[in-house]
Amino acid sequence: FEGLPESYEEFKELSRQFFPSFFDTQVLAKSHLFRMKPQNVDRGQEEQTEQTKTARFSSLALGQVYKVFKQEAEEALSCGQAIVKFNLAEGHERYDNSASFHEAGYDAFITGCVFAYMCDAVGRRPDEFNGHLMMFRGLYNFNLLGDDELLTKGTYLHIKGLKGRGVQDLQDSLQVVLKDVAKKHQNCEQLPTDYEIKWVDDDSAFAIFSEKARELVDMVCAETEVTGANGLNFTLGEHWFAASNPDADLPPRKRPRLS
5 FEGLPESYEE FKELSRQFFP SFFDTQVLAK SHLFRMKPQN VDRGQEEQTE
55 QTKTARFSSL ALGQVYKVFK QEAEEALSCG QAIVKFNLAE GHERYDNSAS
105 FHEAGYDAFI TGCVFAYMCD AVGRRPDEFN GHLMMFRGLY NFNLLGDDEL
155 LTKGTYLHIK GLKGRGVQDL QDSLQVVLKD VAKKHQNCEQ LPTDYEIKWV
205 DDDSAFAIFS EKARELVDMV CAETEVTGAN GLNFTLGEHW FAASNPDADL
255 PPRKRPRLS
């Protein structure tokens, strides 16, 4: 670069020019293509269901992902199957059996190995994830080829007034509000319990519910008696996002990071 880009969108454009193909192995490892152990279905056996599938990786750290794929390749080779093979440059033979994590050459080597294993596992290059990069502790994944996408799908409820409060206090207060609203509406019988909390800053956070809870979340935001309960203010996530970026015709600003 002759100089740093002035905007996030300009950075994306330059990145596309220099790197038309850009894959993040952690994004891939978390995707539906690779996060579950592959099926080994014998004749007469039923295929795995979502309930019987097990996680492929105990951790999404690069070293752990590499270890899993290498072990799967060794097992396949022992069964007479063809596998991806790698040739090391002269002087780097030790990388074949060492674990020199955080050494630039070794990390680059195992990153390439992981991507090759992934392409081999699905029989193609996973182009649907081209340009998608992790944003640590963020609401979004970076997407160099288009608009950034929310990391977690669902119904977002923005909560403000959390300064000095912890996660447990937030969860307790939120449960009180949800129960209050559910009591007033007969069609809200089941309270959601599997929501996710993502902090925006020291005073606000998102509670992310499944789409099934959309009606209840709408009612929480509509209840003027509840809004402000326990010192908290509630806003439907899509309204908060729109208010945070009112200049729809301008290039979107860099997405907020979470503390």
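For what it's worth, the numbering used here labels the leading residue of the sequence shown as 5, then goes sequentially.
In this text, a Cβ means the ideal position worked out from N, Cα and C, and glycines have one as well.
The alpha helix (DSSP H) with residue i in it runs from where to where?
{"i": "Thr159", "result": "Looking at the DSSP string, Thr159 is not in any alpha helix (DSSP H); the run it does join, the beta strand (DSSP E), is Thr159 to Lys164."}
{"i": "Ala59", "result": "Counting along the chain, Ala59 falls outside any alpha helix (DSSP H), and DSSP gives it neither H nor E."}
{"i": "Ile87", "result": "Run containing Ile87: none; DSSP gives neither H nor E here."}
{"i": "Asp33", "result": "Residue identity differs from the one stated: residue 33 is Ala in this sequence, not Asp. Start and end: Thr29 to Lys34."}
{"i": "Phe22", "result": "Tyr12 to Phe22"}
{"i": "Glu78", "result": "Leu66 to Ser82"}
{"i": "Gly109", "result": "Ala108 to Val126"}
Count the other CB atoms within 10 Å of the CB of residue i; is the residue buried (16 or more) or exposed (fewer)?
{"i": "Phe90", "result": "exposed"}
{"i": "Thr87", "result": "For the sequence presented, residue 87 should be read as Ile rather than Thr. Exposed, by the Cβ-count rule."}
{"i": "Pro256", "result": "Its pLDDT being 46, under 50, Pro256 is placed unreliably by the model, and the measurement read from it follows with that caveat. So Pro256 counts as exposed."}
{"i": "Leu195", "result": "exposed"}
{"i": "Lys183", "result": "exposed"}
{"i": "Leu92", "result": "exposed"}
{"i": "Ala4", "result": "The question about residue 4 has no answer, for the chain in this structure spans 5 to 263."}
{"i": "Gly84", "result": "exposed"}
{"i": "Phe23", "result": "exposed"}
{"i": "Ala247", "result": "exposed"}
{"i": "Lys16", "result": "buried"}
{"i": "Val126", "result": "exposed"}
{"i": "Asp152", "result": "buried"}
Going by DSSP, which residues form a beta bridge with residue i?
{"i": "Glu153", "result": "Asn145"}
{"i": "Ala103", "result": "None, per the DSSP bridge assignment."}
{"i": "Met332", "result": "Here the chain comprises residues numbered 5 to 263, so residue 332 is not present and cannot be evaluated."}
{"i": "His96", "result": "Per DSSP, none; premise fails for His96."}
{"i": "Leu137", "result": "Phe146"}
Q | Validate contact between the stretch 106–118 and the stretch 8–23 using beta carbons, cut 8 Å, 3 pairs | A | Segment contact: the stretch 106–118 against the stretch 8–23, fewer than three CB-CB distances shorter than 8 Å; contact not assigned.
Q) Looking at C-beta atoms only, is the number of pairs between the stretch 178–192 and the stretch 216–224 that lie closer than 8 Å three or more? A) Flag = yes, the stretch 178–192 and the stretch 216–224 touch.
Q. Three or more C-beta pairs closer than 8 Å, one from the stretch 149–160 and one from the stretch 204–215: is that the case here?
A. Contact annotation: the stretch 149–160 touches the stretch 204–215, with at least three C-beta pairs closer than 8 Å.
Q.
So, does the stretch 125–133 touch the stretch 196–205, judging by three or more C-beta pairs under 8 Å?
A. No: fewer than three Cβ pairs fall under 8 Å.
Q: Identify every run of the alpha helix (DSSP H) within the stretch 176–244, keeping only runs that are complete inside it and at least 4 residues long; order them along the chain.
A: Whole alpha helix (DSSP H) segments, 4+ residues: 218–226.
(Q) Quick check: the stretch 159–178 against the stretch 67–75, are at least 3 beta-carbon pairs closer than 8 Å? (A) The stretch 67–75 is not in contact with the stretch 159–178.
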